[in-house]
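Protein chains in written order, with the working numbering: chain G, 228 to 543; chain Y, 228 to 543.
Worksheet for the structure shown next.
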């Protein structure tokens with residue numbers, strides 16, 4: 228398998244991407260994948276050399292003279308900078324030269340690139356992005372959507388539930404994952420119009436193990452393996468969860484085993500679900516460990532053929 | 228001033244309400260208020276005696292033979308149990324015998340009672356409930372709506388901003404409070420349809436100091452004194468914030484000065500804003516300290532004439 232990596236994405240590019248590759252290859256001597264490192268030659272090659280990766284059999288350098296900055300308009304930048312690492316990354320993925328694409332660069336450009344060049348799978352109304360939530364019992368849950376779909380219809384939430392279930396069973400290794408609807412109360416009938424209408428769809432969905440509503444207090448307690456919500460609420464939760472680690476650090480509590488798990492580097496990246504191939508979008512501040520975790524996630528997504536399984540589920 | 232207290236509300240009723248009164252009167256020898264203690268004679272009087280409050284000049288016992296339980300249907304229970312502590316509490320408030328009403332009982336019954344017997348002030352589209360959010364700088368912000376209005380219109384959010392501002396300046400003592408819209412990004416134009424439509428209303432509202440959008444990560448950092456959002460998102464945040472204290476306790480980190488501030492007892496109760504008189508709804512697990520804080524809040528709301536100020540603002 229071949230994994231494309233945008234070496235120019237992230238606040239510390241390309242250094243942290245190189246560090247991530249180095250970490251990964253140090254821990255996995257027989258790497259199951261080849262890594263296509265896409266970026267500016269004068270910036271990336273010296274670092275690959277410095278880390279002894281320039282002649283590594285698993286590494287292949289792909290020159291990309293342009294870079295899409297953080298504040299550029301996604302659609303405009305992708306159109307005008309066809310020689311950028313993100314545009315080339317999507318070209319390689321769309322043409323089958325790579326099997327997954329990873330970037331910690333401009334999130335908007337990554338989403339636009341995913342939706343326009345990789346595209347939603349047939350039957351998928353709305354691709355979605357998800358985040359892991361650290362549960363007190365030591366395992367992880369998944370929350371979706373976390374921002375791609377700020378306004379949702381009930382059937383979108385119902386589909387997120389299936390995508391999240393497949394992710395939880397294939398990537399997190401949870402068998403028969405418990406799926407819950409985020410809501411303001413536990414009883415059926417509670418909620419805003421969206422949640423009230425989504426509940427019966429989820430209840431009747433034979434493809435998932437729906438366990439009912441969960442409230443804000445249950446997000447971290449482990450009541451559910453998959454929690455579905457609209458992307459507005461999910462994005463607020465995602466960012467609140469990230470701030471928990473920042474608060475812990477400020478209060479000097481970040482070495483607590485549980486609070487430490489809120490550190491973004493442990494998740495590495497946000498997978499886009501419901502599209503034809505694995506795309507993982509990293510945090511702008513991604514460090515080497517985060518990149519390593521994105522590489523691991525990409526490999527897991529390819530090995531489990533998560534996209535193929537989603538495709539199979541919606542083929543009719 | 229006279230404050231009505233539902234002695235029968237809360238998981239530990241009437242003991243914790245009595246403890247709260249005892250705490251308050253111990254710390255405020257010259258209480259500025261008289262307390263109307265509403266509840267079942269055989270349960271409340273012996274406890275008032277035990278705590279030496281039965282002959283206290285600030286205490287007046289009001290018998291209420293019935294109790295509305297936690298799981299009773301609010302409207303039905305209020306209608307059928309007119310001799311309940313909640314029904315009598317609202318009767319006293321509506322007829323001017325008391326100036327505020329406090330209960331840690333059935334939240335639904337408290338809300339129904341507030342809306343039907345105290346009523347929204349003229350010009351108020353939707354009364355709202357708010358919660359305090361502990362900010363890292365030591366001060367508190369206010370977040371609203373936290374669950375009374377799970378589906379909102381842009382103009383509702385605009386009005387919550389005014390109610391929240393008046394609360395922050397009158398009750399929290401913040402001058403010219405910074406008001407923010409909870410959103411998925413900082414730039415104008417971000418958000419779901421509701422947030423996109425609310426932004427320009429807030430921007431043009433001369434009654435508030437609108438400072439733009441804040442994201443989930445900013446809720447606790449102190450970027451804003453007043454954060455407005457729909458009641459679905461706000462309720463999820465409220466309950467997540469409550470769970471932060473529970474997590475801290477489980478991890479034995481609850482003695483941290485900041486994390487300790489997430490303990491519900493420090494806030495005591497949720498004020499209903501936009502109605503004609505102060506109503507404060509307490510957490511079901513309210514302890515003595517929580518009741519004491521509800522009493523303090525009721526007195527502050529009466530002394531500052533917050534309801535009168537809101538009425539004045541919307542009189543045209």
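Even glycine gets a Cβ: it sits at the ideal position worked out from N, Cα and C.
Everything numeric in this text was worked out from a predicted model, so none of it was measured.
Check: Residue nearest to residue 425 of chain Y in terms of C-alpha spacing, selected from Y/396, Y/452, Y/456; Outcome: Y/456
Check: CB contact below 8 Å: residue 234 of chain G versus chain Y; Outcome: no
Check: CA nearest to the CA of residue 355 of chain Y, picked from Y/275, Y/508, Y/292; Outcome: Y/508
Check: Under 9 Å (Cβ pairs) to chain Y, residues found in the stretch 446–457 of chain G; Outcome: 446, 447, 448, 456, 457
Check: Span of the alpha helix (DSSP H) around residue 288 of chain G; Outcome: That residue, residue 288 of chain G, is in no alpha helix (DSSP H); its beta strand (DSSP E) goes 286–290.
Check: Close Cβ partners of residue 512 of chain Y (< 6 Å) along its chain, the five nearest in sequence each way excluded; Outcome: 238
Check: Beta carbon of residue 464 of chain G nearer than 8 Å to that of residue 467 of chain Y; Outcome: yes
Check: Where residue 275 of chain Y sits in the DSSP three-state scheme; Outcome: helix
Check: Span of the alpha helix (DSSP H), counted from its first residue to its last, around residue 312 of chain G; Outcome: 312–321
Check: Assigned secondary structure, residue 331 of chain Y (DSSP; H/G/I helix, E/B strand, else coil); Outcome: coil
Check: Residues of the stretch 368–391 of chain G whose Cβ lies closer than 8 Å to any Cβ of chain Y, in chain order; Outcome: 374, 377, 378
Check: Range of the contiguous beta strand (DSSP E) that encloses residue 498 of chain Y; Outcome: 496–500
Check: Short CB-CB distance (under 8 Å) between residue 168 of chain G and chain Y; Outcome: Residue 168 of chain G is absent from the structure shown; chain G starts at 228 and stops at 543.
Check: Pair within 8 Å by beta-carbon distance, residue 449 of chain Y and residue 247 of chain Y; Outcome: no
Check: Residue from Y/382, Y/435, Y/484, Y/405 whose Cα sits closest to the Cα of residue 446 of chain Y; Outcome: Y/405
Check: Contacting residues, own chain, Cβ-Cβ under 6 Å from residue 350 of chain Y (five flanking each side not counted); Outcome: 541
Check: Residue 500 of chain Y vs residue 390 of chain Y beta-carbon contact at 8 Å; Outcome: yes
Check: Best match in G/411, G/482, G/300 for proximity to residue 458 of chain Y [C-alpha to C-alpha]; Outcome: G/411
Check: Buried/exposed call for residue 402 of chain Y, threshold 16 Cβ in 10 Å; Outcome: exposed
Check: Contact list for residue 536 of chain Y against chain G, beta-carbon separation under 7 Å; Outcome: Residues of chain G passing the Cβ test: none, with the nearest at roughly 29 Å.
Check: Against chain G: residues of the stretch 333–361 of chain Y by CB proximity under 7 Å; Outcome: none
Check: C-beta atoms of residue 278 of chain Y and residue 256 of chain Y nearer than 8 Å; Outcome: no
Check: Per DSSP, the bridge partner or partners of residue 264 of chain G; Outcome: G/232, G/288
Check: Rounded distance between the beta-carbons of residue 378 of chain Y and residue 419 of chain G, thought under 8 Å; Outcome: 5 Å
Check: Extent of the continuous beta strand (DSSP E) run through residue 405 of chain Y; Outcome: 405–409
Check: Nearest candidate by alpha-carbon position, reference residue 228 of chain G, set G/281, G/328, G/311, G/266; Outcome: G/328
Check: Beta carbon of residue 285 of chain G nearer than 8 Å to that of residue 258 of chain G; Outcome: yes
Check: 6 Å CB neighbourhood of residue 494 of chain G in its chain, flanking five on each side removed; Outcome: 359
Check: Residue span of the beta strand (DSSP E) that contains residue 356 of chain G, given as start and end; Outcome: 355–361
Check: Local conformation of residue 460 of chain G per DSSP, three classes; Outcome: helix
Check: Amino acids of chain G, ordered along the chain, whose beta-carbon sits closer than 9 Å to that of residue 466 of chain Y; Outcome: 411, 442, 443, 444, 445, 446
Check: Member of Y/272, Y/503, Y/312 whose CA lies at the smallest distance from the CA of residue 346 of chain Y; Outcome: Y/503
Check: CB contact below 8 Å: residue 485 of chain G versus chain Y; Outcome: yes
Check: C-alpha gap between residue 454 of chain G and residue 431 of chain Y, whole angstroms; Outcome: 37 Å
Check: CB of residue 232 of chain G within 8 Å of CB of residue 262 of chain G, strictly; Outcome: yes
Check: CB contact check: residue 243 of chain G to chain Y, cutoff 8 Å; Outcome: no
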